[in-house]
Structure formats: C-alpha cells, structure tokens
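Under this note's numbering, the first residue of the sequence shown carries the number 436, and numbering increases by one thereafter. Idealized CB from N, CA, C, for every residue including glycine. Note that the structure is a prediction, hence the values are computed from the model and not measured. What follows is a short report on a single structure.
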Amino acid sequence: MFDNKTILITGGTGSFGHRFIANLLKQYKPKKVIVYSRDELKQFDMQKLFHHPCMRYFIGDVRDKHRLKTAMRGVDLVIHAAALKQVPAAEYNPMECIKTNIMGAQNVIEACIEEGVDKVIALSTDKAANPVNLYGATKLASDKIFVAANNISGADGTRFAVVRYGNVVGSRGSVVPFFRELLAQGKSRLPVTHEGMTRFWITLDQGVEFVLKNFQRMQGGEIFVPKIPSIRITDLVEAMSGTRDYDVVGIRPGEKIHEIMVPEETAHHSFEFEDHFVIAPAIVFFEKNMRYDKNKMGEEGKQVAEGFEYHSGTNPHFLTVDELKELDAQEL
C-alpha cells in the first residue's frame, strides 16, 4: 500500500525517521517521501544519506498549522513522530512540551483532515499509560486527541490510529548511547537510577515494521501495542560493561521504576492478537457497530482477561544478558 504513495513524517530527522525512510525505500516505491522537521542542519545531513528522487525536505514546526497544511498537500499517509521526549526537560519546561506534544498534535490532525490525507499514525510511548511525568501526560493527551479525531473527520474522512511502544534500542538520548559514551571515556562503573528498574525494549527495525504493518491493519481509533520483551537495567549494565558494578544515583524527576503499555483500566476494551495488543476506543464512533477484535488484514484477536495489565516488570519475556549483548552489537 506504499507504492506510488506520498508519505510525510513529522520529526523525520530523528532516529525513527532515519530507519523508517531507509526501510521504506528498500521495500517499496513511494511517489514522494516528505521529511518535515525544524532543524535545518539535521535535514542537511539527512539529505546526504537519502538523496533518492522521491525525497522532499520541508523546514517547519508542528506548532505552525499553516506550514503543516502547505506540506500536507497531496499527501496520502502521515507518520507523526515529532515530539519533545526528554522526561527531565519536560518537567523543567512544561509549556514547551505542551505546545509541541498537544497543540502540535491538534495542528497535525486539523491539517490532515483539511488536506484530505487518507491515513495517519501517531507514535506514542509507554510513558503515556498511567503517566506520572509531564511528557507521559502530554502523550496521553495526544493519544486521546488522535483517537477522537476519527469522529471529527467523519465516516468518509481521514482515519487516525496510534502506535505505542517502549524504549527504542540505541535511539538518540536513550540509555544505550549514554552508557556507550561513558564506557568510551574509560568509566568502569555505570550510573543506575534504581537497581530494580525494568523497561520494554524494541529495536528501530521492529518499531518501523510495526508501524508499516499497522497502516494495513488500522480501521481508525486503535492504539496498537506490540508484544516485545522487557529488560532489567542491571542486566543491561552487565551486557554493556561486562560487570555488574554500578552506582545507584537516584530516580530522575518524573521517572518510573516500571512501565505499562496496556493499563488494567483499559482491559475491558483491549484485545490480544498473535503479536500485538489493540486498545479500542473508549468512545463510540460514527460506525456504532465497529469491531476491533478483527482488523483490516483479517487477523482476529480476543478480549484480554479482566484485570489484565501489560507491565514491564511482570512481562513473561525478559531478554537475557547474552541476548542483550547480541542486540547491542547489532545496533552499533
């Protein structure tokens, strides 16, 4: 469904955008791929990597609806990846995070509807489930806005869905490149904020393929959650440094010990498929009989049990130290 299509990705110069475009160009023949972001230097560097004739680069901010509308003309599919994502930075700069993550989301939605975009997927985060920090709260608000946008667009309008997943191995600003930098500096002990910490773990390629697949699955209004492994932060320390020596430095502002991707409170409208979960909308849409236990690809799921919660600390699948070493080597 991506051949001869025009695809726009907001925040396209980030880690996800780089891998998404690389995989898209390798697997499909899109008509145009538009990178929409506000950093001219990152776009300049990206153009040296991706100079295919279909590539287009638009300087713009999701806070600017007029510029978004200009970029959306003739676009078929949109991936909304632009966000302010650093948890401590959001705690100290709350309004800037709100302007980008919430008001920017609304601008993207309105521009897509007004320009007749076919399908939109917004990238979310595990921190949006039962949020305890401002970043997570803004992404929860964004998720809700994107789900409700299906009602605003109407029965024949733009369809919106959300993809929620955990920490991406090696993404900019994440713990893996931070640990690599410290080890390169000769540090023998790595800093750990809490020794009991767990996280969901996904590679960039897995994240990209999950988004691509969900464009085919989506009906509109779903929050898609992949089944992925968890890690223990102490196992990551051992995998990267070869020792379990670490210094506990204390939890950062707004940081959780564990993460959740399907909260218990949503179990009554969540469905389990072979390799993912779907959180169906809590509100009734234009199509009152819409079912979310079967998707556009014909895959069928079943409602999760009452009280079910998809939690990084109770996840049945944890990566071993050896698996983490192998994954770290692949992502270098």
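Minimum C-alpha distance to S676 - residue among V660, T755, L618 = Counting from 1 along the sequence shown, the entry for residue 676 is found at position 241. Among V660, T755, L618, the Cα nearest to that of S676 is on L618.
Please list, in chain order, all residues of the same chain as Y681 whose beta carbon is under 8 Å from its beta carbon, the five residues on each side excluded.
-> Here residue 681 refers to the residue found at position 246 when the sequence shown is read from its first residue. Once the five neighbours on either side are set aside, the close Cβ partners of Y681 are R624, L625, P626, V627, E630, T669, V672.
Which residue comes first and which comes last in the alpha helix (DSSP H) that contains R615?
-> Along the sequence shown, read from residue 1 onward, the residue named residue 615 stands at position 180. Per DSSP, the continuous alpha helix (DSSP H) segment holding R615 begins and ends at 610-619.
Ordered list of beta strand (DSSP E) runs contained in the segment 471-528, each at least 3 residues | If only uninterrupted beta strand (DSSP E) runs of at least 3 residues are considered, those enclosed by the segment 471-528 are 490-494, 512-515.
Same chain only: Cβ atoms within 7 Å of S609, ignoring 5 sequence neighbours per side | Indexing the sequence shown from 1 puts residue 609 at position 174. Cβ neighbours of S609 beyond the five flanking positions: N602, V603.
Which listed residue (R454, F455, P465, G449) has its alpha carbon closest to that of T441 = To locate residue 441, count along the sequence shown from 1; it is residue 6. Of the candidates R454, F455, P465, G449, P465 places its Cα closest to the Cα of T441.
Proximal residues to E707 (C-beta, below 7 Å), its chain only, five neighbours per side dropped | Position 272 of the sequence shown, counted from the start, is the residue given in the question as residue 707. The answer, listed in chain order, is G736, K737, V739.
Would you mind sorting R508 into buried or exposed? The rule is 16 or more other CB atoms within 10 Å of its CB.
-> Indexing the sequence shown from 1 puts residue 508 at position 73. Exposed, by the Cβ-count rule.
Would you mind sorting Y527 into buried or exposed? The rule is 16 or more other CB atoms within 10 Å of its CB.
-> Working through the sequence shown from its first residue, we reach residue 527 at position 92. With fewer than 16 other Cβ atoms within 10 Å, it is exposed.
Can you tell me the Cβ-Cβ gap for L443 and Y463, rounded? I've got them flagged as a contact below 8 Å.
-> Taking the first residue of the sequence shown as 1, we reach residue 443 at position 8. Taking the first residue of the sequence shown as 1, we reach residue 463 at position 28. That pair is no contact at about 15 Å.
Which of the three DSSP states, helix, strand or coil, is assigned to F451?
-> By 1-based counting over the sequence shown, the position of residue 451 is 16. DSSP places F451 in the helix class (H, G or I) of the three-state scheme.
Okay, do the segment 688-702 and the segment 550-569 touch, 3+ Cβ pairs below 8 Å being the bar?
-> When C-beta atoms of the segment 688-702 are compared with those of the segment 550-569, three or more pairs fall below 8 Å, so the two segments count as touching.
Identify which residue in P661, T755, D578, T505 has its Cα closest to the Cα of N536.
-> In the sequence shown, counting from the first residue as 1, residue 536 sits at position 101. If you compare the alpha carbons of P661, T755, D578, T505 with that of N536, the shortest gap goes to D578.
Measure the alpha-carbon distance for E709 versus I686 and round it to whole angstroms.
-> Working through the sequence shown from its first residue, we reach residue 709 at position 274. Working through the sequence shown from its first residue, we reach residue 686 at position 251. Taken atom to atom, the span from the alpha-carbon of E709 to that of I686 is near 35 Å.
If we count Cβ pairs, one from each stretch, closer than 8 Å, do we get three or more for the segment 641-656 versus the segment 715-735?
-> In short, these stretches touch, since the Cβ pair count reaches three.
Looking at L512 and V543, is the spacing between their C-beta atoms short of 8 Å?
-> Position 108 of the sequence shown holds residue 543. Position 77 of the sequence shown holds residue 512. A distance of 8 Å or more separates the beta carbons of V543 and L512.
Could you tell me whether the segment 512-521 touches the segment 551-560, where touching means 3 or more Cβ pairs closer than 8 Å?
-> Segments in contact, yes.
For F635 versus S665, is the C-beta spacing smaller than 8 Å?
-> Start at 1 with the first residue of the sequence shown, and residue 635 comes out as number 200. Start at 1 with the first residue of the sequence shown, and residue 665 comes out as number 230. A contact, by the Cβ cut-off of 8 Å.
Straight-line gap, H704 to G656 (C-alpha atoms, nearest Å) = Here residue 704 refers to the residue found at position 269 of the sequence shown. Here residue 656 refers to the residue found at position 221 of the sequence shown. For H704 and G656, the distance between alpha carbons rounds to 12 Å.
Considering E630, what are the terminal residues of the alpha helix (DSSP H) in which it resides?
-> Your numbering for residue 630 matches position 195 in the sequence shown. Where E630 is concerned, there is no enclosing alpha helix (DSSP H), because DSSP gives it neither an H nor an E.
Taking the alpha carbon of T448 as the point to measure from, which residue in L460, F485, D438 has its own alpha carbon closest?
-> The count along the sequence shown starts at 1 and reaches residue 448 at position 13. Ranking L460, F485, D438 by Cα distance to T448 puts F485 first.
I718 to L575, Cα distance in whole Å?
-> Reading the sequence shown from its first residue, position 283 is the one you call residue 718. Reading the sequence shown from its first residue, position 140 is the one you call residue 575. Each residue's alpha carbon lies about 15 Å from the other.
Roughly how many whole angstroms lie between the Cα atoms of I782 and I533?
-> Look at the range of the chain in this structure, 436 to 767, and you will see that residue 782 is not part of it.
What do you get for G446, buried or exposed, if any count of 16 or more other CB atoms within 10 angstroms of its CB means buried?
-> As a first step, residue 446 is located in the sequence shown; it is residue number 11 there, counting from the start. G446 comes out buried.
First and last residue of the uninterrupted alpha helix (DSSP H) at V582 = Indexing the sequence shown from 1 puts residue 582 at position 147. Taken as a continuous stretch (DSSP letters only), the alpha helix (DSSP H) holding V582 covers 569-588.
Three-state secondary structure (DSSP) of N560 = Indexing the sequence shown from 1 puts residue 560 at position 125. This sequence places Thr at residue 560; Asn is not what is there. Per DSSP, reduced to three states, the secondary structure at T560 is coil, with no helix or strand assignment.
Can you say whether F614 is buried or exposed, counting buried as having 16 or more other CB atoms within 10 angstroms of its CB?
-> What you label residue 614 is simply residue 179 of the sequence shown in a count that begins at 1. Label assigned to F614: buried.
First through last residue of the beta strand (DSSP E) which encompasses M696 = Taking the first residue of the sequence shown as position 1, residue 696 is located at position 261. It spans 695-697 - the beta strand (DSSP E) in which M696 sits, taken as one unbroken run.
Considering only C-alpha positions, which residue in the set L569, K662, T638, G748 is nearest to E758?
-> For the purposes of this step, residue 758 is identified with residue 323 of the sequence shown, where counting begins at 1. The shortest C-alpha separation from E758 is found at T638.
Tell whether a beta-carbon distance below 8 Å holds between F451 and L569.
-> Stepping through the sequence shown from its first residue, residue 451 is reached at position 16. Stepping through the sequence shown from its first residue, residue 569 is reached at position 134. Cβ distance not < 8 Å, so F451 and L569 don't count as in contact.
Consult DSSP for K461 and reduce its assignment to one of helix, strand or coil.
-> In the sequence shown, counting from the first residue as 1, residue 461 sits at position 26. In the structure shown, K461 sits in a helix (DSSP, three-state: H, G or I).
DSSP on F706, reduced to helix/strand/coil?
-> As a first step, residue 706 is located in the sequence shown; it is residue number 271 there, counting from the start. Under the three-state reduction of DSSP, F706 is assigned to strand.
Compute the Euclidean distance between the alpha carbons of Q641 and N458, then round it to the nearest angstrom.
-> The count along the sequence shown starts at 1 and reaches residue 641 at position 206. The count along the sequence shown starts at 1 and reaches residue 458 at position 23. Approximately 11 Å between the Cα atoms of the pair.
Residues sharing a beta bridge with N542, DSSP | Along the sequence shown, read from residue 1 onward, the residue named residue 542 stands at position 107. DSSP lists no partner for N542.
According to DSSP, residues forming a beta bridge with A596 = Translated into the one-based positions of the sequence shown, residue 596 becomes position 161. Beta bridge pairing from DSSP links A596 with I556.
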